[in-house]
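Peer 1:
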Amino acid sequence: MIRKVKGTRDILPPESRLWGAVEAEARRVFDGFGYDEIRLPVMEPTELFVRTVGEGTDIVSKEMYTFADRKGRSLTLRPEGTAGVARAFIENGLGQRPQPMRLSYMGPMFRYEKMQRGRYRQFSQIGIELLGASTPQADVEVLLALHTFLKALGFDDLVIVLNNLGDPEDRDRFIEVFKGELTPNREELCGDCQRRWTENPLRILDCKAPRCRELVSHTTPVADVVSDEARTHVDAVAQGLEVLEIPVRVAPRLVRGLDYYLRTVFEVISPALGEDTVICGGGRYDRLISDLGGKVVPGIGFAIGEDRLIDVLPDSFKHRVLDVPVVAVLPLGHEAAASALSLTVQLIEGGLRAPAEVTGRSLKAGLKWANKIGAAVALILGESEIEKNQVLVKDLREGTQEAVARDAVVEMVRRLVGEGDK
RNA sequence: GUGGGCGUAGCUCAGGUGGUAGAGCACAGGAUUGUGGCUCCUGUGGUCGGGGGGUCAAAUCCCCUGGCCCACCCCA
157 MIRKVKGTRD
167 ILPPESRLWG
177 AVEAEARRVF
187 DGFGYDEIRL
197 PVMEPTELFV
207 RTVGEGTDIV
217 SKEMYTFADR
227 KGRSLTLRPE
237 GTAGVARAFI
247 ENGLGQRPQP
257 MRLSYMGPMF
267 RYEKMQRGRY
277 RQFSQIGIEL
287 LGASTPQADV
297 EVLLALHTFL
307 KALGFDDLVI
317 VLNNLGDPED
327 RDRFIEVFKG
337 ELTPNREELC
347 GDCQRRWTEN
357 PLRILDCKAP
367 RCRELVSHTT
377 PVADVVSDEA
387 RTHVDAVAQG
397 LEVLEIPVRV
407 APRLVRGLDY
417 YLRTVFEVIS
427 PALGEDTVIC
437 GGGRYDRLIS
447 DLGGKVVPGI
457 GFAIGEDRLI
467 DVLPDSFKHR
477 VLDVPVVAVL
487 PLGHEAAASA
497 LSLTVQLIEG
507 GLRAPAEVTG
517 RSLKAGLKWA
527 NKIGAAVALI
537 LGESEIEKNQ
547 VLVKDLREGT
557 QEAVARDAVV
567 EMVRRLVGEG
577 DK
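Every number in my numbering is 156 more than the matching position in the first sequence, counting from 1.
1) Rounded to a whole number of angstroms, what is the C-alpha to C-alpha distance between residue 574 and residue 377?
2) Tell me, to the nearest whole angstrom, how far the beta carbon of residue 284 is from that of residue 259; I am working on the premise that it is less than 8 Å.
3) At the level of alpha carbons, what is the spacing between residue 577 and residue 571?
4) Could you name the residues that DSSP lists as bridge partners for residue 257?
5) So what does residue 556 bridge to, in DSSP terms?
6) Going by beta carbon distance, what residues of the same chain come within less than 8 Å of residue 246, once the five residues before and after it are set aside?
7) Helix, strand or coil: which one does DSSP assign to residue 231?
8) Please classify residue 540: does DSSP put it in a helix, a strand, or coil?
9) Bridge partners for residue 223 per DSSP, in chain order?
10) So for residue 499, helix, strand or coil by DSSP?
11) Could you name the residues of the same chain whose beta carbon sits closer than 7 Å to that of residue 433, not counting the 5 residues immediately before and after it, in chain order?
12) Return yes when the Cβ of residue 541 is within less than 8 Å of the Cβ of residue 559, no when it is not.
13) Decide if residue 554 is buried, meaning its Cβ has at least 16 other Cβ atoms within 10 Å, or exposed.
14) Measuring straight from C-alpha to C-alpha, what distance separates residue 163 and residue 237?
15) Could you give the first and the last residue of the continuous alpha helix (DSSP H) run that contains residue 568?
16) Which first and last residues belong to the beta strand (DSSP E) in which residue 378 is found?
17) Do you know offhand how far residue 222's Cα is from residue 566's?
18) Taking all protein chains shown into account, decide if residue 546 is buried (16 or more other Cβ within 10 angstroms of its Cβ) or exposed.
19) Check residue 280 in the structure and name its three-state DSSP category.
20) Residue 171 to residue 336, Cα distance in whole Å?
21) In or out: residue 249 buried (at least 16 other Cβ within 10 Å) or exposed?
22) Measure the alpha-carbon distance for residue 380 versus residue 478 and round it to whole angstroms.
23) Taking only three categories from DSSP, how would you classify residue 489?
24) In its own chain, which residues sit with a C-beta less than 7 Å from the C-beta of residue 510, not counting the 5 before and 5 after it?
25) Could you say which of 481, 179 and 233 lies nearest to residue 198 if we only look at CA atoms?
26) Would you tell me roughly how many angstroms separate the C-alpha atoms of residue 390 and residue 466, rounded to the nearest one?
27) May I ask you to report which of helix, strand or coil DSSP gives residue 409?
28) Less than 8 Å between C-beta atoms, sequence neighbours within five positions excluded: which residues of the same chain meet that for residue 527?
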């Protein structure tokens, strides 16, 4: 048997309904804030990610799906979305359009990682990017959009954690201070942190090894070392969020796995899943586009891990999506079949979910089927009904039935399933 | 990467000491003529992870190889 590639998965009904609903909700909310969807290739030149995400990062150093195409060009399946947005911004001259540009995206990303609960090698992200605005207000808007979206899904326990990474110059200075403070205990760091010491010292802050954590906890936070400008910026962001009553927690040790972030960085965690399970991550990246050869265009954005998001979706949302009433349409005989399908169309236009029976089974079997698919109502359409231009409306929950004039069926059914009062 | 566990029908599993496969659920049909959910009957469905070795005979014994799961590790 041929099986799916490790780290990928089949999303089957009814779970697929949740994905569709989450994505629809994202479009609705982000659209409202003025973010238009940008649809990008899933593969890009490898160099794009090396230059943006950063050579020393885990993503680039060991997690990319990189391969040579038939002409030997090195391509990579995108491990994240922002790099592609930046590339497209430059390549399509989006800087010539009214600024700032608000863009959203969703779709699969690929990272070759060790498998673990809630983590896949092909996973989906939903993200937005606000390009061409460097003010704290821009950051606040992006966080507000995020918060609004999560709230629309019914979340009330998610926490936004925030940190100030400073500007690149600050970071260099910080790393000096940081290393200075750790030098006496350098040998006590774990093996990976020994490597990070030279490759990517910031990541030591993110190490989960107990000893590393302890050592790091006594060091000066990045935020204490940053320039006045960076400090003012992020402080303003925090204040802006407070005014909007968006709860945030300051996390002095928060760093991200991508090199391009500066100043504002943030994550969303679910207390239910534990602090290690990040559902969303993002931050500001004012140098990304210029580093790629474009003009200086500041930007900020985030990406939500859709797989994890759906994992922790509130019951209220799941219920709303999954428990939609179903109406089974059961024709009897050949003449009824066509009539039944046109009835189905009427029902659909009326906002109902109304699958028709098309296998030609008996009424008995048809009702059995209707019952199994969870139909609330069955519509029976036989010769006698067609003759009188009626439909037999059967309430499967009550066990009652009534012959109804064809024209009145949709309204009748809507009332029965409780759609009428919406 | 280390350790442990599991592999038999779509799903959950049973198949002491070897004799070429079963149950429940699910799915399909039926229990007289156009009526469901309960019950009963019947049916569909498995190269017993793959390959090799031994044996008159293996799902069951031996070897090899891939797979999945759980910890730890790692990581977003």
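Glycine included, every Cβ here is placed at the ideal spot set by N, Cα and C.
Peer 2: Taking the structure as given:
1) By one-based count along the first sequence, residue 574 stands at place 418. By one-based count along the first sequence, residue 377 stands at place 221. Answer to the nearest angstrom: the Cα atoms are 56 Å apart.
2) Numbered from its first residue, the first sequence carries residue 284 at position 128. Numbered from its first residue, the first sequence carries residue 259 at position 103. The Cβ separation is near 7 Å, so the contact holds.
3) Taking the first sequence and counting its residues from 1, one reaches residue 577 at position 421. Taking the first sequence and counting its residues from 1, one reaches residue 571 at position 415. With a pLDDT of 49 at residue 577, under the threshold of 50, the predicted position of this residue should be treated as unreliable, and no value is reported.
4) Translated into positions along the first sequence, residue 257 becomes position 101. Residue 257 pairs with 287.
5) Looking up residue 556 in the first sequence gives position 400. In the DSSP output, where bridge partners are listed per residue, residue 556 has 551.
6) Sequence index remark: in the first sequence, residue 246 carries index 90 (1-based). These residues qualify, in order along the chain: 445, 448, 449 and 450.
7) Here the question's residue 231 lines up with position 75 in the first sequence. Residue 231 falls in the strand class under three-state DSSP.
8) Numbered from 1 along the first sequence, position 384 holds the residue referred to as residue 540. The answer is helix: DSSP assigns residue 540 an H, G or I state.
9) Sequence index remark: in the first sequence, residue 223 carries index 67 (1-based). DSSP lists 231 as partners of residue 223.
10) Against the first sequence, residue 499 aligns to sequence position 343. Helix, per DSSP.
11) As a working mapping, residue 433 is identified with position 277 in the first sequence. These residues qualify, in order along the chain: 274, 425, 426 and 464.
12) As a working note, residue 559 is residue 403 in the first sequence. As a working note, residue 541 is residue 385 in the first sequence. Closer than 8 Å, so yes.
13) Locating residue 554 in the first sequence gives position 398, where the first residue counts as 1. Counting Cβ neighbours within 10 Å, residue 554 comes out exposed, since fewer than 16 surround it.
14) On the first sequence, position 7 is the one that residue 163 refers to. On the first sequence, position 81 is the one that residue 237 refers to. Each residue's alpha carbon lies about 19 Å from the other.
15) Here residue 568 is taken as the residue at index 412 of the first sequence, counted from 1. Start and end: 565 to 572.
16) Sequence index remark: in the first sequence, residue 378 carries index 222 (1-based). Premise fails: residue 378 is in no beta strand (DSSP E) and is neither H nor E.
17) Position 66 of the first sequence, counting from 1, holds the residue named residue 222. Position 410 of the first sequence, counting from 1, holds the residue named residue 566. Between residue 222 and residue 566, the C-alpha separation is close to 54 Å.
18) Taking the first residue of the first sequence as 1, we reach residue 546 at position 390. By the neighbour-count rule (16 or more Cβ atoms within 10 Å), residue 546 is buried.
19) If you number the first sequence from 1, residue 280 lands on position 124. Residue 280: strand per DSSP, three-state reduction.
20) Position 15 of the first sequence, counting from 1, holds the residue named residue 171. Position 180 of the first sequence, counting from 1, holds the residue named residue 336. Computed Cα separation, rounded: 51 Å.
21) To locate residue 249, count along the first sequence from 1; it is residue 93. Residue 249 is exposed by the Cβ-count criterion.
22) Your numbering for residue 380 matches position 224 in the first sequence. Your numbering for residue 478 matches position 322 in the first sequence. Straight-line Cα distance between these residues: approximately 48 Å.
23) As a working mapping, residue 489 is identified with position 333 in the first sequence. Residue state, collapsed to three classes: coil.
24) Here residue 510 refers to the residue found at position 354 of the first sequence. Around residue 510: 483, 485, 500, 503 and 504.
25) By 1-based counting over the first sequence, the position of residue 198 is 42. Nearest option by C-alpha distance: 233.
26) Looking up residue 390 in the first sequence gives position 234. Looking up residue 466 in the first sequence gives position 310. Taking the straight line joining both Cα atoms gives about 30 Å.
27) As a position in the first sequence, residue 409 is number 253, starting the count at 1. DSSP places residue 409 in coil when its eight states are reduced to three.
28) The residue given as residue 527 occupies position 371 in the first sequence. The residues are 552.
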